[in-house]
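Student: If you're matching positions, the sequence shown starts at 270 in the numbering used here and goes up one per residue.
Before I ask anything, here is the structure I am working with.
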Amino acid sequence: MKRAAKRSGRTFACAGAVVLMLALAGCSDAPVQPRVREQAKPALPPLLPQANGQSCTAPDAKLSSGALFKICFDPNHWNRDVVVFIPGYHDPASAPTLPADLSPTASAVLFSGLGYAYATTSFRATGLIERDTWIGGDLLELVETAKALLSSTTGRATRYVYQTGGSQGGLGTVMAVEQYPNIFSGGLAGCGPIGDYGRQIAYVADFRAVFDHFFAGVIPAWPVWRQDLSAGDPGYIDPNSWGAAESSAGAALDDPTNADRIRQVLDVTHAPTDPADPATVKGTTLGILWYSFRGTNDAIAKNGGLPFGNVDRRYSGSSEDDALNADVARFQPTADPARLATLQTSARLRRPLVTIHTTGDPIVPIWHEALYRRRLNLRSRLLNTAFTINRYGHCKFTDAEVLAAFAVLVLEVSGQNLLVSRSLLPQPQAQREFLDLAERHGARPSVSP
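So, in structure tokens, the structure goes:
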């Protein structure tokens with residue numbers, strides 16, 4: 270039985286804005302200390318008054334690494350809690366930017382209006398997450414900066430720090446909660462590759478290899494990714510060829526004579542689609558292929574070699590498995606195991622962690638949730654609550670679903686139930702969904718009149 274279900278005499282805490290960000294072996298009792306950074310800490314940034322009464326850092330505020338960051342709160346209504354949000358995977362060729370809101374209302378505005386301080390960062394770079402510098406560097410500095418800024422402005426200390434993120438930001442959230450329990454009070458991780466990152470890489474690479482067998486010649490520049498095993502060549506993809514690849518692959522998928530071929534690709538790779546929506550076949554296919562085009566070179570560079578191998582893999586599920594296995598491109602992994610290990614979660618929890626995932630996630634499959642929970646020991650398992658949402662799509666959550674997950678997290682961390690503003694869930698159906706889902710996971714929040 271969850272700890273949240275055992276508590277009695279809860280008080281109610283006003284909250285609700287986390288919706289905007291997601292609508293992506295034994296334990297030691299010794300605290301995990303953050304890595305000491307050699308870079309000098311920057312001076313506290315100035316706060317700029319906003320027309321709505323909030324105070325925010327300047328749009329160009331940067332951490333010592335050059336990563337952009339943003340902190341917003343209402344000095345007159347701060348509830349002493351901070352919600353931190355980190356971005357998901359961004360194109361490695363793009364410049365770092367602050368994460369976009371995933372709901373109509375700006376997250377900084379809503380968080381500040383309900384009493385929360387809101388903090389986010391672009392990280393110092395894009396592409397594949399780098400645990401030691403992004404989480405152990407930029408994220409910790411962001412939290413330190415936020416707490417110092419809040420203290421100097423209000424004269425009050427921060428109480429709880431809630432770490433949140435979706436997709437790769439969900440992975441970073443789990444890493445942060447696992448490694449720095451003395452910094453983060455708990456985490457809400459959405460749709461993240463938290464179970465086995467090696468299998469996540471294989472999921473994307475296998476899909477592309479199988480797609481090439483059934484659609485040979487459709488994707489431009491595909492042959493350059495074929496690895497020369499005898500020469501130890503890790504392979505190379507021209508990421509700038511994605512535009513042409515998207516067009517040609519899209520045209521092939523639109524051709525009704527190719528319906529059986531793409532069905533076999535999906536059957537072999539187990540990539541999800543929505544049977545009620547034929548358009549999701551194209552969405553799933555192009556979505557996964559995008560990562561193989563834009564992310565392969567970055568993954569090779571950050572892992573010291575190709576982090577994927579299928580030399581001994583036998584693919585099944587097609588109409589002619591023997592032909593598939595005889596023709597499919599084969600790869601020898603050349604990545605540094607030590608670097609790959611930094612992408613794995615530890616499955617050791619000392620703070621509450623709530624995860625939320627859709628059953629039909631085509632980019633980060635839901636099997637990550639089962640793999641992660643299987644690795645938890647008993648103590649860690651008691652700290653983990655998993656929300657499973659029966660829906661197709663990557664990080665496709667309703668406001669009510671994410672609020673329910675956040676309600677459970679806040680209860681586990683603080684012992685308090687949430688009082689959610691009716692303005693956040695104006696529809697009665699959404700209110701009922703929120704209350705029912707939260708109660709089924711051990712919390713008893715309320716909606717204000």
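We put the CB at the ideal spot given by N, CA and C, even for glycine.
Just so we're clear, the structure is a prediction, and the values are computed from it rather than from any experiment.
When the Cα atoms are used, what is the spatial distance from Tyr466 to Gly459?
Tutor: Position 197 of the sequence shown, counted from the first residue, corresponds to residue 466. Position 190 of the sequence shown, counted from the first residue, corresponds to residue 459. Using only the alpha carbons, I get a separation of about 15 Å.
Student: Please determine, among Ala386, Ser690 and Pro621, the residue with the shortest C-alpha to C-alpha distance to Asn345.
Tutor: Here the question's residue 345 lines up with position 76 in the sequence shown. The shortest Cα separation from Asn345 among Ala386, Ser690 and Pro621 belongs to Ala386.
Student: Which term fits Asn686, buried or exposed, when burial requires 16 or more other beta carbons within 10 angstroms of its beta carbon?
Tutor: As a first step, residue 686 must be located in the sequence shown, where it is residue number 417. So Asn686 ends up on the buried side.
Student: Ignoring anything shorter than 3 residues or poking outside the region 368-438, list the beta strand (DSSP E) runs there in chain order.
Tutor: Within the region 368-438, the complete beta strand (DSSP E) runs of at least 3 residues are 386-392 and 429-435.
Student: When you compare each of Gly439, His539, Asp407 and Val352 to Ala655 by their alpha carbons, which one comes out closest?
Tutor: Position 386 of the sequence shown, counted from the first residue, corresponds to residue 655. Of the candidates Gly439, His539, Asp407 and Val352, the one whose C-alpha sits nearest the C-alpha of Ala655 is Gly439.
Student: I need the straight-line Cα distance from Lys665 to Ala598, nearest angstrom please.
Tutor: Position 396 of the sequence shown, counting from 1, holds the residue named residue 665. Position 329 of the sequence shown, counting from 1, holds the residue named residue 598. Spanning the two alpha carbons is a distance of roughly 33 Å.
Student: Ordered along the chain, which non-local residues of its own chain (more than five positions away) have a Cβ less than 6 Å from that of Asp461?
Tutor: Position 192 of the sequence shown, counted from the start, is the residue given in the question as residue 461. A small correction: the amino acid at residue 461 is Gly; Asp does not occupy that position in the sequence shown. Within the same chain, Gly461 has close Cβ partners Gly439 and Leu440.
Student: In three-state DSSP terms, what is Ser715?
Tutor: Along the sequence shown, read from residue 1 onward, the residue named residue 715 stands at position 446. In the structure shown, Ser715 sits in a strand (DSSP, three-state: E or B).
Student: Could you tell me whether the region 349-366 touches the region 316-324, where touching means 3 or more Cβ pairs closer than 8 Å?
Tutor: They do not touch, by the three-pair rule.
Student: Quick one: what's got a C-beta closer than 8 Å to Gly556's C-beta in the same chain, skipping five residues either side?
Tutor: For the purposes of this step, residue 556 is identified with residue 287 of the sequence shown, where counting begins at 1. Within the same chain, Gly556 has close Cβ partners Pro631, Ile632 and His663.
Student: Classify Leu622 as helix, strand or coil using the three-state DSSP reduction.
Tutor: Along the sequence shown, one-based indexing puts residue 622 at 353. DSSP places Leu622 in strand when its eight states are reduced to three.
Student: What does Lys331 pair with, by DSSP beta-bridge criteria?
Tutor: Residue numbering aside, residue 331 sits at position 62 when the sequence shown is read from its first letter. The partner list for Lys331 (beta bridge, DSSP) reads Leu337.
Student: Could you tell me the alpha carbon to alpha carbon distance between Phe392 and Thr526, rounded to whole angstroms?
Tutor: Start at 1 with the first residue of the sequence shown, and residue 392 comes out as number 123. Start at 1 with the first residue of the sequence shown, and residue 526 comes out as number 257. Rounded to whole angstroms, Phe392 to Thr526 spans 45 Å at the Cα level.
Student: With distance defined between alpha-carbon atoms, name the residue in Asp360, Thr395, Leu316 and Leu383 nearest to Ala417.
Tutor: Within the sequence shown, residue 417 is the residue found at index 148, counting from 1. Closest by alpha carbon: Leu316.
Student: Would you list the one or two residues that DSSP bridges to Asn653?
Tutor: Stepping through the sequence shown from its first residue, residue 653 is reached at position 384. Answer is Leu622, bridged to Asn653.
Student: Near Cys296, which residues of its chain fall below 8 Å by C-beta distance, leaving aside the five closest residues on each side in sequence?
Tutor: Position 27 of the sequence shown, counting from 1, holds the residue named residue 296. Because the pLDDT at Cys296 is just 37, under 50, the model does not fix this residue reliably, and the point stays unresolved.
Student: The alpha helix (DSSP H) that contains Asp350, what's its start and end?
Tutor: Residue mapping note: residue 350 aligns to position 81 of the sequence shown, counting from 1. Looking at the DSSP string, Asp350 is not in any alpha helix (DSSP H); the run it does join, the beta strand (DSSP E), is Asp350 to Ile355.
Student: Given a threshold of 16 other Cβ atoms within 10 Å of its Cβ, counted over all protein chains shown, does Ala415 qualify as buried or as exposed?
Tutor: Here residue 415 refers to the residue found at position 146 of the sequence shown. Classification for Ala415: buried.
Student: Quick one: what's got a C-beta closer than 7 Å to Asn572's C-beta in the same chain, skipping five residues either side?
Tutor: In the sequence shown, residue 572 corresponds to position 303, counting from 1. Once the five neighbours on either side are set aside, the close Cβ partners of Asn572 are Ala604, Asp605, Arg608 and Leu609.
Student: To which residues of the same chain is Pro318 closer than 8 Å at the C-beta, ignoring the five residues directly before and after it?
Tutor: Along the sequence shown, one-based indexing puts residue 318 at 49. Once the five neighbours on either side are set aside, the close Cβ partners of Pro318 are Ser324.
Student: When you compare each of Ser715, Ala521 and Ala478 to Phe600 by their alpha carbons, which one comes out closest?
Tutor: Residue 600 sits at position 331 when you count from the first residue of the sequence shown. Residue Ala478 is the option with its Cα nearest to Phe600.
Student: Taking just the CA atoms, how far does Ser333 sit from Pro718?
Tutor: Within the sequence shown, numbered from 1, the residue matching residue 718 stands at position 449. Within the sequence shown, numbered from 1, the residue matching residue 333 stands at position 64. Cα-Cα distance, rounded: 45 Å.
Student: Which whole-angstrom value is the C-beta distance of Leu457 and Phe675, which I expect to be below 8 Å?
Tutor: On the sequence shown, residue 457 is found 188 positions in, with the first residue counted as 1. On the sequence shown, residue 675 is found 406 positions in, with the first residue counted as 1. Going by Cβ atoms, the distance from Leu457 to Phe675 rounds to 6 Å, so yes, they are a contact pair.
Student: Less than 8 Å between C-beta atoms, sequence neighbours within five positions excluded: which residues of the same chain meet that for Ile470?
Tutor: Reading the sequence shown from its first residue, position 201 is the one you call residue 470. So the list reads Ala568, Pro576 and Phe577, once near-sequence residues are dropped.
Student: From Thr423 to Leu535, what does the alpha carbon distance come to, in whole angstroms?
Tutor: The residue given as residue 423 occupies position 154 in the sequence shown. The residue given as residue 535 occupies position 266 in the sequence shown. Taking the straight line from one Cα to the other gives about 55 Å.
Student: Under the assumption that Ala330 contacts Pro314 (Cβ atoms under 8 Å), give the Cβ distance between them as a whole number of angstroms.
Tutor: In the sequence shown, counting from the first residue as 1, residue 330 sits at position 61. In the sequence shown, counting from the first residue as 1, residue 314 sits at position 45. At roughly 5 Å, the Cβ-Cβ gap stays under 8 Å, so Ala330 and Pro314 are in contact.
Student: Could you give the C-beta distance for Val537 and Tyr584, rounded to a whole number, given that I count them as a contact under 8 Å?
Tutor: For the purposes of this step, residue 537 is taken as residue 268 along the sequence shown, with counting starting at 1. For the purposes of this step, residue 584 is taken as residue 315 along the sequence shown, with counting starting at 1. So it is a contact: roughly 5 Å between Cβ atoms.
Student: For Gly434 and Ala388, what's the separation of their Cα atoms in angstroms?
Tutor: One-based indexing of the sequence shown puts residue 434 at position 165. One-based indexing of the sequence shown puts residue 388 at position 119. Cα to Cα, the separation comes out at about 12 Å.
Student: Report, in whole angstroms, the separation of the C-beta atoms of Thr402 and Leu337, which I expect to be a contact under 8 Å.
Tutor: Indexing the sequence shown from 1 puts residue 402 at position 133. Indexing the sequence shown from 1 puts residue 337 at position 68. So it is not a contact: roughly 15 Å between Cβ atoms.
Student: Between Leu706 and the rest of its own chain, which residues show a CB-CB distance below 6 Å, the 5 nearest in sequence each way excluded?
Tutor: Within the sequence shown, numbered from 1, the residue matching residue 706 stands at position 437. Excluding positions up to five away in sequence, the list reads Ala673.
Student: Between Tyr449 and Leu409, how many whole angstroms is the CB-CB distance? I'm expecting something under 8 Å.
Tutor: The residue labelled residue 449 in the question sits at position 180 within the sequence shown. The residue labelled residue 409 in the question sits at position 140 within the sequence shown. With 8 Å as the limit, Tyr449 and Leu409 qualify as a contact, their Cβ atoms being about 7 Å apart.
Student: Measure the Cβ-Cβ separation of Gly564 and Val473 and say whether it is below 9 Å.
Tutor: The sequence position of residue 564 within the sequence shown is 295, counting from 1. The sequence position of residue 473 within the sequence shown is 204, counting from 1. Yes, they are a contact pair.
Student: Output needed for Asn659: all residues of its chain with C-beta closer than 6 Å, excluding positions within five of it in sequence on either side, in chain order.
Tutor: Within the sequence shown, residue 659 is the residue found at index 390, counting from 1. The residues are Thr628.
Student: Determine the extent of the beta strand (DSSP E) in which Leu313 is found, giving its start and end residues.
Tutor: To locate residue 313, count along the sequence shown from 1; it is residue 44. That residue, Leu313, is in no beta strand (DSSP E); it is neither H nor E in DSSP.
Student: If you check the beta carbons only, do Tyr429 and Tyr560 fall under 9 Å apart?
Tutor: Residue mapping note: residue 429 aligns to position 160 of the sequence shown, counting from 1. Residue mapping note: residue 560 aligns to position 291 of the sequence shown, counting from 1. No, the Cβ-Cβ distance between Tyr429 and Tyr560 is not below 9 Å.
Student: Suppose the cutoff is 6 Å on Cβ atoms and the five residues either side in sequence are ignored; what does the same chain contact list for Phe484 look like?
Tutor: Position 215 of the sequence shown, counted from the first residue, corresponds to residue 484. Contacts found: Ala521.
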